[in-house]
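For reference, the structure is listed below as structure tokens.
There are 2 protein chains.
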Amino acid sequence: MKLVAGDSCARHETAAAPQECAQCAVREIAVCTALSAPELERLRGIAVTKVYEPGSMLYAADEPAAVVGTVVQGTIKCFKLLADGRQQIVGFLFPGDFVGAPTQETMRGFAEALTRVELCLFPLPSIQRLIREMPNLQRRLLTLAGEDLNLAQEWMLLLGRKTAQERLATFLLLLAEKARVRGVAGGPIDLPMNRSEIADYLGLSLETVSRQFTKLKNAGHIRIEHNNEITIRNLDGLTEIAEGSVQGAA
Amino acid sequence: MKLVAGDSCARHETAAAPQECAQCAVREIAVCTALSAPELERLRGIAVTKVYEPGSMLYAADEPAAVVGTVVQGTIKCFKLLADGRQQIVGFLFPGDFVGAPTQETMRGFAEALTRVELCLFPLPSIQRLIREMPNLQRRLLTLAGEDLNLAQEWMLLLGRKTAQERLATFLLLLAEKARVRGVAGGPIDLPMNRSEIADYLGLSLETVSRQFTKLKNAGHIRIEHNNEITIRNLDGLTEIAEGSVQGAA
DNA sequence: CGAACTGTTGAATAAGGTCAAACCAGGTGG
DNA sequence: CCACCTGGTTTGACCTTATTCAACAGTTCG
Numbered sequence: 001m002k003l004v005a006g007d008s009c010a011r012h013e014t015a016a017a018p019q020e021c022a023q024c025a026v027r028e029i030a031v032c033t034a035l036s037a038p039e040l041e042r043l044r045g046i047a048v049t050k051v052y053e054p055g056s057m058l059y060a061a062d063e064p065a066a067v068v069g070t071v072v073q074g075t076i077k078c079f080k081l082l083a084d085g086r087q088q089i090v091g092f093l094f095p096g097d098f099v100g101a102p103t104q105e106t107m108r109g110f111a112e113a114l115t116r117v118e119l120c121l122f123p124l125p126s127i128q129r130l131i132r133e134m135p136n137l138q139r140r141l142l143t144l145a146g147e148d149l150n151l152a153q154e155w156m157l158l159l160g161r162k163t164a165q166e167r168l169a170t171f172l173l174l175l176a177e178k179a180r181v182r183g184v185a186g187g188p189i190d191l192p193m194n195r196s197e198i199a200d201y202l203g204l205s206l207e208t209v210s211r212q213f214t215k216l217k218n219a220g221h222i223r224i225e226h227n228n229e230i231t232i233r234n235l236d237g238l239t240e241i242a243e244g245s246v247q248g249a250a
Numbered sequence: 251m252k253l254v255a256g257d258s259c260a261r262h263e264t265a266a267a268p269q270e271c272a273q274c275a276v277r278e279i280a281v282c283t284a285l286s287a288p289e290l291e292r293l294r295g296i297a298v299t300k301v302y303e304p305g306s307m308l309y310a311a312d313e314p315a316a317v318v319g320t321v322v323q324g325t326i327k328c329f330k331l332l333a334d335g336r337q338q339i340v341g342f343l344f345p346g347d348f349v350g351a352p353t354q355e356t357m358r359g360f361a362e363a364l365t366r367v368e369l370c371l372f373p374l375p376s377i378q379r380l381i382r383e384m385p386n387l388q389r390r391l392l393t394l395a396g397e398d399l400n401l402a403q404e405w406m407l408l409l410g411r412k413t414a415q416e417r418l419a420t421f422l423l424l425l426a427e428k429a430r431v432r433g434v435a436g437g438p439i440d441l442p443m444n445r446s447e448i449a450d451y452l453g454l455s456l457e458t459v460s461r462q463f464t465k466l467k468n469a470g471h472i473r474i475e476h477n478n479e480i481t482i483r484n485l486d487g488l489t490e491i492a493e494g495s496v497q498g499a500a
């Protein structure tokens, strides 16, 4: 599997000035929060909307940094690769999340659209100028980076020390929490990724992921609506498993 | 194992204004780089020196953020814990590294001094004011956060997808690289942590770490001077193993 | 209806973990 | 000076968990 940028060809780009921010679905949770009205207006001034089709690459490692912006719709997977193709997904990005690293010259990993993705894209030179001129924006980015770092470290704990069952429970709770923040709680959790991608996020094989799904289902902790829709039936039980407080979780 | 802050009692604190920055050993690599002379002077104005004895806790999870500063001497381990005591070390901090998260209200993990540690400490309210007033400082922190995030994701790749042998090789190369940046390259690599702590960093058991040390030694890639001093004899070979380009690394 | 996916389940295997014993260096004190 | 202790480390034997390989089932889509 070669992964050069632009090689997965299905990229379909639309570039246009974005809608009014007030109508934006992720206005309250994205970088934009904590900006004053005039600041927000300046940010909108440099933004362009860009759409990626499912399966298309947003960026690849060693490319010059270019894609920096906010996910408005869809899901992205960010991942790292080893020489022989082993893959580790380092994060899924949902609406409201920030993509790319404005302080980096070149990308250190890969990003691919899992679904149709709509981005509110900030061209690098412009956003770097705004960062320099708008302390609020820089501060917000620093806060976001801190949260990302903490999440990454939480995931190091998962990958280094949790069992397969604990990993899957943690994953489902994370998705539920992210959905809650986006304001789409209540209903079943939508899984825009397949078993193999969950496996690459949890450091497991896809078969193990499947087996653990079955176990959680049989234990009554979750219901599997369709393969890509999960309902949490026992939040406390799932939480206990995720925290590692359950002994015979075999 | 209870881990409340201040419970590991051997903490011995000295608080005093730091020396001239020009004489500081880590002046060129710490946050301080990229500050103008007057900015540096302001930062020095709020700094105090603090010393931690080996084994003492710098901070614990859920504590209000307090310790924020630069490591001047010694080594710190930062880690996360599960309810049953399973531990994952999320990073070792060496001279020049930045400790703590100035944007966080409460700590999300633990930090403990492995050796005698000397810190150039910035009291939280003061550093937060300086961050607001000095864009250069904020920008530098953002860059550092980005590097930390990338390293954390690189470690997710290691924990999720690398074999025991690949993990140890990667670890040794990381230590060598960090020593190089600090300007203490050339000689053997100093390991301020024991096998059990290496294991908790690599997501392995201490026995597996020990076995992999022996294998790398027998393969002629490293020499073990004392248990805590390693010389890399074959940098290319070690790099190939770390990258996963070696097949029969069993 | 059949092809192509994606997901599930089963059996065999391997990598690493666990438990336990031996080892080794550095210190202590007779 | 040397026996003895002690903590960290190494090594061995066995066991467990998750992986691998393989077959099978369920959906979706032409």
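If you're matching them up, the sequences are chains A and B in order.
Residues 1 to 250, numbered by the numbering used here, are exactly what the first sequence covers, in order.
Residues 251 to 500, numbered by the numbering used here, are exactly what the second sequence covers, in order.
Built from N, CA and C at the ideal position, the CB exists for glycine as well.
Predicted model only: the values in this text are computed from it and were never measured.
In whole angstroms, what is the alpha-carbon distance linking residue i and residue j?
{"i": "B/K252", "j": "B/F360", "result": "The pLDDT assigned to B/K252 is 39, lower than 50, so where the model puts this residue is not dependable, and the model offers no usable value."}
{"i": "A/G6", "j": "A/A61", "result": "Its pLDDT being 41, under 50, A/G6 is placed unreliably in this model, and the value from its coordinates should be taken loosely. Going from the Cα of A/G6 to the Cα of A/A61 covers about 12 Å."}
{"i": "B/A287", "j": "B/L293", "result": "10 Å"}
{"i": "B/H476", "j": "A/R161", "result": "29 Å"}
{"i": "B/T481", "j": "B/K465", "result": "14 Å"}
{"i": "A/Q212", "j": "A/A164", "result": "7 Å"}
{"i": "A/L35", "j": "A/G183", "result": "21 Å"}
{"i": "A/R129", "j": "A/V71", "result": "21 Å"}
{"i": "B/Q388", "j": "B/V317", "result": "17 Å"}
{"i": "B/M307", "j": "B/A351", "result": "16 Å"}
{"i": "B/I339", "j": "B/A402", "result": "11 Å"}
{"i": "B/E490", "j": "A/T75", "result": "34 Å"}
{"i": "B/E416", "j": "B/G487", "result": "11 Å"}
{"i": "A/P192", "j": "A/N136", "result": "33 Å"}
{"i": "B/L408", "j": "B/R382", "result": "36 Å"}
{"i": "B/E447", "j": "B/L456", "result": "8 Å"}
{"i": "B/A363", "j": "B/G305", "result": "5 Å"}
{"i": "B/E404", "j": "B/C271", "result": "33 Å"}
{"i": "A/P95", "j": "A/Q73", "result": "5 Å"}
{"i": "A/A25", "j": "A/V117", "result": "14 Å"}
{"i": "A/V181", "j": "B/T393", "result": "27 Å"}
{"i": "A/A30", "j": "A/A65", "result": "20 Å"}
{"i": "B/L290", "j": "B/E278", "result": "12 Å"}
{"i": "A/I46", "j": "A/Q19", "result": "12 Å"}
{"i": "B/N444", "j": "B/N478", "result": "8 Å"}
Could you name the residues of chain B that residue i contacts, counting a contact when the two beta carbons are closer than 8 Å?
{"i": "A/Q165", "result": "Result: empty, since nearest Cβ-Cβ is about 13 Å, beyond 8 Å."}
So is residue i in contact with chain B if we call contact Cβ pairs under 8 Å?
{"i": "A/N194", "result": "no"}
{"i": "A/G146", "result": "yes"}
{"i": "A/P38", "result": "no"}
{"i": "A/P125", "result": "no"}
{"i": "A/A250", "result": "Legend: pLDDT at A/A250 = 43, less than 50; position of this residue unreliable, value from coordinates given subsequently. So, not an interface residue."}
{"i": "A/M57", "result": "no"}
{"i": "A/E154", "result": "yes"}
{"i": "A/Q138", "result": "yes"}
{"i": "A/P188", "result": "no"}
{"i": "A/K77", "result": "no"}
{"i": "A/L172", "result": "no"}
{"i": "A/N150", "result": "yes"}
{"i": "A/L157", "result": "yes"}
{"i": "A/R161", "result": "yes"}
Give the secondary structure of residue i by DSSP, where H, G and I count as helix, E and B as strand, and everything else as coil.
{"i": "A/E197", "result": "helix"}
{"i": "B/P314", "result": "strand"}
{"i": "A/V48", "result": "strand"}
{"i": "A/G237", "result": "helix"}
{"i": "A/L81", "result": "strand"}
{"i": "B/L441", "result": "coil"}
{"i": "B/V321", "result": "strand"}
{"i": "B/L308", "result": "strand"}
{"i": "B/E278", "result": "coil"}
{"i": "A/T231", "result": "strand"}
Please confirm whether residue i has its beta-carbon closer than 8 Å to some beta-carbon of chain A.
{"i": "B/G453", "result": "yes"}
{"i": "B/V340", "result": "yes"}
{"i": "B/P314", "result": "no"}
{"i": "B/A260", "result": "Residue placement at B/A260 is flagged as unreliable, the pLDDT there being 42, under the threshold of 50; the coordinate-derived value follows with that caveat. Cβ-Cβ to chain A under 8 Å: no for B/A260."}
{"i": "B/A255", "result": "Confidence at B/A255 is low in this model, with a pLDDT of 45, below 50, so its placement is unreliable and the value that follows should be read with caution. It does not; no Cβ of chain A falls within 8 Å."}
{"i": "B/G487", "result": "no"}
{"i": "B/R366", "result": "no"}
{"i": "B/I491", "result": "no"}
Could you list which residues in chain B have their beta carbon closer than 9 Å to that of residue i, in chain order?
{"i": "A/T143", "result": "T353 and Q354"}
Name the chain A residues that come within less than 8 Å of residue i, Cβ to Cβ?
{"i": "B/D334", "result": "G244 and S245"}
Closer than 7 Å by beta-carbon distance: list the chain A residues that pair up with residue i, in chain order.
{"i": "B/R382", "result": "P135"}
Let me know the beta strand (DSSP E) ranges lying completely inside the segment 335-409 of chain B, each 3 residues or longer, listed in chain order.
-> 337-343, 360-363 and 367-371
Enumerated in chain order, which unbroken segments of the alpha helix (DSSP H) with a length of 4 residues or greater are wholly contained in the segment 407-438 of chain B?
-> 414-432
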